[in-house]
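Top line first, the protein sequences correspond to chains A and B.
If you count the first sequence from 1, position 289 lands on 342 in the numbering used here, and the numbers rise without skipping.
If you count the second sequence from 1, position 53 lands on 455 in the numbering used here, and the numbers rise without skipping.
No residue lacks a Cβ here, since even glycine has one placed at the ideal position from N, Cα and C.
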Amino acid sequence: MKAYIVQRSLLSLLTIFAVATILFILFRLLPGDPTAQVISPALDEVAQARLKEAYGLDQPMIVQYVLYLKNLVTLEWGRSFTTSEPVFDVLAYRFWNTLLLMGIGLSFSLVLGVFLGMIMAWWRNGPLDIGATIAAMVSQSAPPFITGLLLLIVLSYRLGMFPTGGMMPPGTNISGVWDVVTSAQFYHHLVLPTITVAAYYLATPMLVMRDSMLEVLGSDYIEFAQAKGLPPHKVMIRHAARNALMAVVTVSSLLLGFAIGGQVVVETVFSWPGMGLLMVEAAARHDYPVAQATFLALAVLIILLNWAADISYGWLDPRIKVGGGSHG
Amino acid sequence: MLLEIENLKVHYHTRAGVVRAVDGVSLSIGEHEVFGIAGESGCGKSTLIRALMRLVPRTAKVTADRFTFRGRDLLTMPDRVFRRDMLWNEIALVPQSAMNSLNPVYRVGDQIVEAIRTHSTASRRDAESRVAALFDMVGLQPDLAARYPHQFSGGMRQRAMIAMSLALDPSLVVMDEPTTGLDVLVQERILRRLAELRTRIKSSILLITHDISVIAEMSDRIAIMYAGRLMEQAGTEAIFDEPFHPYSLGLQNAFPSIRALDRSLISIPGSPPNLINAIPGCVFAERCPFVREDCRTARPPDLEIAAGHRVACLRTADIAQIRAAAKEKATWRS
Ligand SMILES: Nc1ncnc2c1ncn2[C@@H]1O[C@H](COP(=O)(O)OP(=O)(O)OP(=O)(O)O)[C@@H](O)[C@H]1O
Ligand SMILES: [Mg+2]
Numbered sequence: 054m055k056a057y058i059v060q061r062s063l064l065s066l067l068t069i070f071a072v073a074t075i076l077f078i079l080f081r082l083l084p085g086d087p088t089a090q091v092i093s094p095a096l097d098e099v100a101q102a103r104l105k106e107a108y109g110l111d112q113p114m115i116v117q118y119v120l121y122l123k124n125l126v127t128l129e130w131g132r133s134f135t136t137s138e139p140v141f142d143v144l145a146y147r148f149w150n151t152l153l154l155m156g157i158g159l160s161f162s163l164v165l166g167v168f169l170g171m172i173m174a175w176w177r178n179g180p181l182d183i184g185a186t187i188a189a190m191v192s193q194s195a196p197p198f199i200t201g202l203l204l205l206i207v208l209s210y211r212l213g214m215f216p217t218g219g220m221m222p223p224g225t226n227i228s229g230v231w232d233v234v235t236s237a238q239f240y241h242h243l244v245l246p247t248i249t250v251a252a253y254y255l256a257t258p259m260l261v262m263r264d265s266m267l268e269v270l271g272s273d274y275i276e277f278a279q280a281k282g283l284p285p286h287k288v289m290i291r292h293a294a295r296n297a298l299m300a301v302v303t304v305s306s307l308l309l310g311f312a313i314g315g316q317v318v319v320e321t322v323f324s325w326p327g328m329g330l331l332m333v334e335a336a337a338r339h340d341y342p343v344a345q346a347t348f349l350a351l352a353v354l355i356i357l358l359n360w361a362a363d364i365s366y367g368w369l370d371p372r373i374k375v376g377g378g379s380h381g
Numbered sequence: 403m404l405l406e407i408e409n410l411k412v413h414y415h416t417r418a419g420v421v422r423a424v425d426g427v428s429l430s431i432g433e434h435e436v437f438g439i440a441g442e443s444g445c446g447k448s449t450l451i452r453a454l455m456r457l458v459p460r461t462a463k464v465t466a467d468r469f470t471f472r473g474r475d476l477l478t479m480p481d482r483v484f485r486r487d488m489l490w491n492e493i494a495l496v497p498q499s500a501m502n503s504l505n506p507v508y509r510v511g512d513q514i515v516e517a518i519r520t521h522s523t524a525s526r527r528d529a530e531s532r533v534a535a536l537f538d539m540v541g542l543q544p545d546l547a548a549r550y551p552h553q554f555s556g557g558m559r560q561r562a563m564i565a566m567s568l569a570l571d572p573s574l575v576v577m578d579e580p581t582t583g584l585d586v587l588v589q590e591r592i593l594r595r596l597a598e599l600r601t602r603i604k605s606s607i608l609l610i611t612h613d614i615s616v617i618a619e620m621s622d623r624i625a626i627m628y629a630g631r632l633m634e635q636a637g638t639e640a641i642f643d644e645p646f647h648p649y650s651l652g653l654q655n656a657f658p659s660i661r662a663l664d665r666s667l668i669s670i671p672g673s674p675p676n677l678i679n680a681i682p683g684c685v686f687a688e689r690c691p692f693v694r695e696d697c698r699t700a701r702p703p704d705l706e707i708a709a710g711h712r713v714a715c716l717r718t719a720d721i722a723q724i725r726a727a728a729k730e731k732a733t734w735r736s
């Protein structure tokens, strides 16, 4: 298990490094003056030249690259073109907002999906199985902005049950994550985005769990667990669902692959002050340092979640946890 | 009597038709008895066990004139009571596929502890020390209990399954092909262990296999099964020394190693019938060299030839002739 964790961690670091490199190349391939991506064109000539030197933009590409990596690691991510705030400070606040929405939405989808998938397989071809399969196909084919907009129109604008956007009522004074998660207002604002995220993500874990569960239910050790005289709920949960869960963890990385796009859309629809919305705003305002850093931060978040999925898989599967083949 | 079965039928209702996997089986097993059932692959051995342990799928219909365990009716017993009173306390199973019957994500010892604690009030520690004793009994190092199934070899898993079946001192241990799929040396060792255990435990054993030599070594009584029915059942001596059914005679020719080493191997031509077809007469008629016209029209009744020796054949009167002819290779040519 130790070797496995080390291996997964190294792989994650390598992936982050690769993403950073691709970002470096991409942002320098953009049309126009490459320096314009780091130095605001609004500044006067003298200031621009000074900054150019400071950022090493007059240096050869390879030196710039090394400098870029060094700045990344030391959290010197430059300043926003529009507000002149340090990019890191802007991100720090947005990062938590995204993590909250994504974390709650994903966990909600995973837990509910796994539970529903288990029930569907246990009573296969029952009303829940058929109903949920159809619902999953519908929700999966509806892009999240459609679901989100529909929810907003009906529940917020028509019925006034939920706020139309944002994370807190306008003008609320927020001084930290703790303030946010202990406020009832926050959860009121969270309902619709969470439903939207869940509607989008729920289908995959649910259907994967169902299929994997059906496969497990056909295996010899399930029949044997029944022969032992275990009550049905123990056979279903302890023997079948526990094993079927591994397939869900495996595909959850696939799910995470879609997470950046989905997050950007949901945050935009609900004006959620997270990194997804920030990325859209920054791109619209040509605020390159912010856009670049936001993209990288989102990517790192996804890579970390993937890492967590890998580790929990290793923890679920004793063949990885303890290793070792058969003996004599 | 421990287990009494009269005219048990297990029919699978499939889209293609009704599969008569078990079709009118009658047998009884007494206390501290080893009862062997031998039969070719697909003749319904596992289905019989599934009916006994309530593991048949919903597509199967189970009927019987009598189906009792220590006098309690198994057909009408509620599921909950059956699980609590019968499974593992009274009837335990060594499944056909020991290789895949252990859940890969739990430690082997914990899976046995689970069986013990489901059916008794034993504490975890008591259950664990019971596992250690059981492992010792089947010849496994007690510390192996903390290992996962993938760290066990086939033979070790088979031993663990045997240990698990004995966990609660059941009245009856059902063993479905306990040695199939293991290499010959391991088979030999498991069999020796079983023979030794037999003298130490008080459970009865229902031993099921297609390997008639395994059954011959272990059983007090033997039934020969074919296409969902029992052709003949008798004490082990009687089955081998004076068999009555042509199928038993044919099997004996196919396994010469049991008694007569000098005879050459003769196999029965043809193959078992498809169980999806309803057969009005004897199921063996198609392959039987001694078939008569009436064999095909009427199902032969279970005849009690001697005490405890039952045969389902219409031609038992001509047995001297049939036995003589069965020794000839020419008889079995199709
Ligand atoms: N669930 C099922 N539905 C329909 N037919 C089945 C089902 N299970 C078994 N059968 C059929 O019933 C017959 C008996 O099967 P069973 O598994 O009891 O045989 P067996 O004697 O145990 O064979 P083996 O030696 O291969 O284990 C076979 O023809 C099989 O195809
Ligand atoms: Mg079988």
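Rounded separation between residue i and residue j - CA only
i: Ala256/A; j: Val510/B; result: 35 Å
i: Leu536/B; j: Ala569/B; result: 7 Å
i: Pro246/A; j: Tyr253/A; result: 11 Å
i: Ala145/A; j: Ser65/A; result: 21 Å
i: Val588/B; j: Ser555/B; result: 10 Å
i: Gln60/A; j: Pro671/B; result: 60 Å
i: Gly282/A; j: Asp487/B; result: 9 Å
i: Ser606/B; j: Asp613/B; result: 20 Å
i: Pro258/A; j: Ile355/A; result: 17 Å
i: Ile373/A; j: Met299/A; result: 12 Å
i: Val375/A; j: Tyr550/B; result: 8 Å
i: Asp264/A; j: Ala297/A; result: 8 Å
i: Ser93/A; j: Leu267/A; result: 58 Å
i: Gln498/B; j: Thr449/B; result: 11 Å
i: Ala726/B; j: Ala687/B; result: 19 Å
Sequence-distant residues of its chain with Cβ nearer than 8 Å to residue i (five each side left out)
i: Asn124/A; result: Trp130, Gly131
i: Gly219/A; result: His242, Phe323, Ser324, Trp325, Pro326
i: Gly201/A; result: Leu245, Pro246, Thr249, Val318, Val319, Val322, Phe323
i: Asp111/A; result: Lys105
i: Val167/A; result: Pro258, Met259, Met262, Ala294, Leu298, Val301
CB-CB length for residue i against residue j, believed under 8 Å
i: Phe198/A; j: Val301/A; result: 26 Å between Cβ atoms; not a contact.
i: Met171/A; j: Met262/A; result: 6 Å
i: Ala418/B; j: Ile681/B; result: Not a contact, Cβ separation roughly 16 Å.
i: Ala656/B; j: Ser673/B; result: Not quite, the Cβ-Cβ distance comes to about 13 Å (not below 8 Å), so this is no contact.
i: Ala708/B; j: Gly683/B; result: The Cβ separation is near 25 Å, so there is no contact.
i: Met221/A; j: Gln238/A; result: 6 Å
i: Val424/B; j: Gly446/B; result: 5 Å
6 Å CB neighbourhood of residue i in its chain, flanking five on each side removed
i: Ser650/B; result: Ile626, Glu634
i: Val496/B; result: Met563, Ile564, Ser567, Met577, Pro580
i: Gln463/B; result: Note on identity: in this sequence residue 463/B is Lys, with Gln being the wrong assignment. Around Lys463/B: His413.
i: Thr135/A; result: Arg338, Asp340
i: Leu309/A; result: Ile355, Leu358, Asn359
Pick from the options that is closest to residue i, judged by C-alpha positions
i: Val317/A; options: Ala350/A, Arg291/A, Pro285/A; result: Ala350/A
i: Met501/B; options: Thr461/B, Ala453/B, Arg559/B, Val483/B; result: Arg559/B
i: Ala453/B; options: Asp97/A, Ala352/A, Glu276/A; result: Glu276/A
i: Leu122/A; options: Leu104/A, Ala95/A, Ile69/A; result: Ile69/A
i: Asp467/B; options: Val515/B, Gly446/B, His415/B, Leu410/B; result: Leu410/B
Own chain residues within Cβ distance below 7 Å of residue i, not counting five before or after
i: Ser621/B; result: Val436, Phe437, Gly438, Leu609, Thr638
i: Phe141/A; result: Leu128, Trp130
i: Arg689/B; result: Ile670, Pro671, Gly672
Next on the checklist: So if I threshold CB-CB distances at 9 Å, which residues from the region 503 to 526 of chain B count as touching chain A?
Outcome noted: Ser503, Leu504, Asn505, Pro506, Val507, Tyr508, Arg509, Gln513, Glu516, Ala517, Thr520, His521
Item to check | Cβ-based contacts, 7 Å cut-off: residues of the region 541 to 557 of chain B near chain A | outcome: Tyr550, His552, Gln553, Phe554, Ser555
Item to check | Near-chain B residues of the region 255 to 279 of chain A (beta-carbon distance less than 9 Å), N- to C-terminal order | outcome: Ser272, Asp273, Tyr274, Ile275, Glu276, Phe277, Ala278, Gln279
Checklist entry - Looking at chain B, which residues of the region 365 to 377 of chain A have a Cβ within less than 8 Å of any of its Cβ atoms? => result Leu369, Asp370, Pro371, Arg372, Val375, Gly377
Next on the checklist: Under 7 Å, CB to CB, which of the residues in the region 425 to 458 of chain B have a partner in chain A?
Outcome noted: Met455, Leu457
Next on the checklist: By the 7 Å beta-carbon criterion, what residues does the region 592 to 626 of chain B contribute toward chain A?
Outcome noted: none
Checklist entry - At a Cβ cut of 7 Å, what residues of the region 290 to 318 of chain A count as close to chain B, listed as they run along the chain? => result Correct list: His292, Arg295, Asn296.
Item to check | chain B contacts made by the region 172 to 199 of chain A, where a contact means CB separation under 7 Å | outcome: none
Next on the checklist: Taking beta-carbon pairs under 7 Å, can you tell me which members of the region 203 to 224 of chain A lie near chain B?
Outcome noted: none
Next on the checklist: Beta carbons nearer than 7 Å to chain B: which residues of the region 160 to 171 of chain A have them?
Outcome noted: none
Item to check | Within 7 Å of chain B by C-beta, residues of the region 89 to 121 of chain A in sequence order | outcome: none
Checklist entry - Listed from N- to C-terminal order along the chain, which residues in the region 670 to 702 of chain B have their beta-carbon within a distance smaller than 7 Å of any beta-carbon of chain A? => result Answer in chain order: no residues at all.
Checklist entry - Residues in the region 125 to 143 of chain A with C-beta within 8 Å of chain B's C-beta atoms, listed in sequence order? => result none
Checklist entry - Which residues, in chain order, does the region 639 to 653 of chain B contribute to contact with chain A at a C-beta distance below 9 Å? => result So the list is empty, because no residue satisfies the distance condition.
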